[in-house]
Amino acid sequence: MYLTKPSLPPKSLAWAHNFSRNCSTYSSGQSSLRSHTCGELCWSHVDEEVTLCGWVQYLRQDLFVILRDFSGLVQILIPQDESKSELKNAFLGLTVESVIMVKGRVRRRPEGQENKKMSTGEIEVCAESMEVLNTCRKLPFEIKEFVKKSEVLRMQYRYLDLRSPRMQYNLRLRSQMVMKMREFLCNLHGFVDVETPTLFKRTPGGAKEFVVPTGDPGKFYSLPQSPQQFKQLLMVAGIDRYFQLARCYRDEGSKPDRQPEFTQVDIEISFVDQAGVMSLIEGLIHYSWPEDKGQMNVPFPSMTYEEAMRDYGVDKPDTRFGMKLVDVITAFQGTQIEFIKDALLKPGGCIQAICVPEGTVRTESVSVAPVRADGSLKSPLSRLLSDTAKQQLLQMAQANAGDLIFITAGPLENVRPLLGKLRLQCAELLECYGVPVRDPSVFHFLWVVDFPLFLPKEDDPEMLESAHHPFTAPVPEDAHLLYTQPHKVRGQHYDLVLNGCEIGGGSIRIHNASQQLYILDTILKEDPSLLSHLLEALDSGAPPHGGIALGESVHEVLKRQQSK
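First residue of the sequence shown? That's 1 in full-length UniProt numbering, and the numbers climb one at a time after it.
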């Protein structure tokens, strides 16, 4: 297990450094211009003189200003005395988002005027002086949570978008998780943080790579899709435990869930099996999990790729809700329905369904086949089914009055993904109508294992390509099938899924040079000379090794939950 702190390394591997500096400690609140941050002030600071810096969030009549910095908001009381008229006029001349420095005294708010929605709602600061550090022009949008901005506008003025409390929270949440992960891996478990090269050469497999021209005509570098080969070489070098916050590049265009450049927590371990990697990652996530997100339990449940596709139609299922796929072929035995007969005649033909609870109640505008209150089917298909077949169908789908049944017939490899997408779309549609389906405050982690090692190429189904990457080792029981039936081989590949989002993927690697050469040359039809450096390394005493990469997705899921 990786949940406990290991013993200290022997003295021969320990380094000790003593540093001393003649300087004061930098506290979280102090800086050369301010004594405190806005959000840290509370009743214990009453009667203290404070200096605050920040942005003007609101100007409330001529009575007070709401000042904002990264830590929160605080109310600044504008003096009303005639003797302070110059200071009052200076406040009244401010524009929203101007940057100011205020000196004043903290006091309790009058009874009944407390603001429970503000962390500093018990106090206010009576301004004694104010300096404008910078004025602000009229901005393209207000820095307020309730103001809706288009994605295009947010990207164009990203520096303004990042001022919002939600974006500030997201960045600090990410920073906190990264710090905890580094502490867990490097300080508690002896991982070595290694920075691998950014400029590399083109190698087979994986996504399309960015090409970087050099000053030498006709010669180029490629930006690495991941540090995969580098970290395997580090295992051959005897590093044993490698970790890196790795920048990766893939020339696949930009989508909401896919960016041309991204960061991943990259990990590789020697002398480990699949269970060992999974145990480490469970400990890592448990250790770095934000306290405000509630308790999480380890170990995480797991299911095979076949089980995920059979029950959910996708290899990254959201297990927070049901609507599982159901095989209903027995209800249609001997059917005379033409499109179903035709579908069953095709290789791998099947009939599957999903049942959407109360689906007809919330989807009046959608053309569907609902279940009546008396339990009968309201559908053109119903006329072509016997009463026995109808009852079988309702029982198999476990349908009740008001439920909605979707039935699909065709090849298994087409039917499952179709119903898998439909299942998610139904959940989204029901939520649009106010039906709670997926609890955003719940986090369902899941391991998916036993993926196929190879898949047919889309453009040439007779050829095989790597389902993950060409360095994934086969499941030991299936290794003999490499030479006879490679399409049946399972890989030692594992994905970590959170609420239907893949947050990490890894595998046990091939550490035998001859097996790696056979897969590249004979099965994948790739030029092995492009990976001669790796093949040579594997033939130089490479240990068994495996690893994983955790992407930004875990942070994205947490951000989504925070914004609900």
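Think of the CB as a built atom: it goes at the ideal place given N, C-alpha and C, for glycine as much as any other residue.
Do you know how far the Cα of V211 is from the Cα of K293?
41 Å
Within the 8 Å Cβ cut-off, does K148 reach chain B?
No chain B is part of this structure, which consists of one protein chain only.
Assuming L67 contacts I76 (C-beta within less than 8 Å), just tell me the rounded distance between them.
5 Å
When you compare the CB positions of H555 and R174, do they come within less than 8 Å of one another, or not?
yes
In whole angstroms, give me the CA-to-CA distance for L520 and N499.
35 Å
Kindly indicate which three-state DSSP category residue 624 falls into: helix, strand or coil?
Nothing in the structure corresponds to residue 624, since the chain is present only between 1 and 564.
S553 - DSSP class collapsed to helix/strand/coil:
helix
Can you give me the Cβ contacts of F339 inside the same chain, cut-off strictly under 8 Å, excluding the 5 residues immediately before and after it?
A409
At a threshold of 7 Å, does I337 count as lining the ligand ADP (C-beta to nearest heavy atom)?
Among the components of this structure there are no ligands whatsoever, and the ligand ADP is therefore not found.
For the segment 487 to 505 against the segment 467 to 477, do three or more pairs of beta-carbon atoms, one drawn from each stretch, fall closer than 8 Å, so that the two count as touching?
yes
From what residue to what residue does the alpha helix (DSSP H) around F339 run?
338 to 345
Take the Cβ of W55 as the centre, count every other Cβ of all protein chains shown within 10 Å, and call the residue buried at 16 or more, exposed below.
buried
Measure the C-alpha to C-alpha separation of Q113 and E49 and round it to an integer number of angstroms.
22 Å
Cβ contact (3+ pairs, closer than 8 Å) linking the segment 534 to 547 and the segment 244 to 252
no
Apply the 10 Å Cβ neighbour rule to K138 and answer buried if 16 or more other Cβ atoms are within range, or exposed otherwise.
exposed
Between Q229 and T263, which are expected to be in contact by the criterion C-beta below 8 Å, what is the C-beta distance as a whole number of angstroms?
Going by Cβ atoms, the distance from Q229 to T263 rounds to 19 Å, so no, they are not a contact pair.
Enumerate, from N- to C-terminal direction, the unbroken alpha helix (DSSP H) stretches of 4 or more residues contained entirely within the segment 489 to 542.
513 to 518, 532 to 538
Taking the beta carbon of residue 597 as the centre, do at least 16 other beta carbons fall within 10 Å, making it buried, or is it exposed?
The question about residue 597 has no answer here: the residues shown for the chain are numbered 1 through 564.
What three-state label does DSSP hand T472 in the structure shown?
strand
Simplified DSSP state of M296, which is helix, strand or coil
coil
Can you check whether the CB of V314 is closer than 8 Å to the CB of G420?
yes
Length of the line joining the Cα atoms of E209 and S553:
21 Å
Proximal residues to E465 (C-beta, below 7 Å), its chain only, five neighbours per side dropped
F454, L455, K457, L524
Relative to the C-alpha of D266, which candidate in E306, P299, Q225 has its C-alpha closest?
Q225
So what does DSSP say about I285, is it helix, strand or coil?
helix
Where the beta strand (DSSP E) through D69 begins and ends:
64 to 69
Determine the burial state of V442: buried for a count of at least 16 other Cβ atoms within 10 Å of its Cβ, exposed for fewer.
exposed
Within the chosen definition, does the segment 186 to 194 reach the segment 158 to 169 through at least 3 CB pairs nearer than 8 Å?
no
Within 10 Å of its beta-carbon, does D62 have 16 or more other beta-carbons around it, so buried, or fewer, so exposed?
exposed
Burial state of K201, where buried means 16 or more other Cβ atoms lie within 10 Å
exposed
Stretch-stretch touch, CB-based, cutoff 8 Å, three pairs: the segment 151 to 158 with the segment 116 to 133
no
As assigned by DSSP and simplified to three states, the class of H545:
strand
Would you grab the beta carbon distance between D450 and E306 for me? Rounded to a whole angstrom, and I think it's under 8 Å.
7 Å
From this set, L424, Q295, L384, E261, which residue's C-alpha is nearest Y249's C-alpha?
E261
Determine contact between the segment 423 to 441 and the segment 317 to 332, defined as no fewer than three beta-carbon pairs at a distance below 8 Å.
yes
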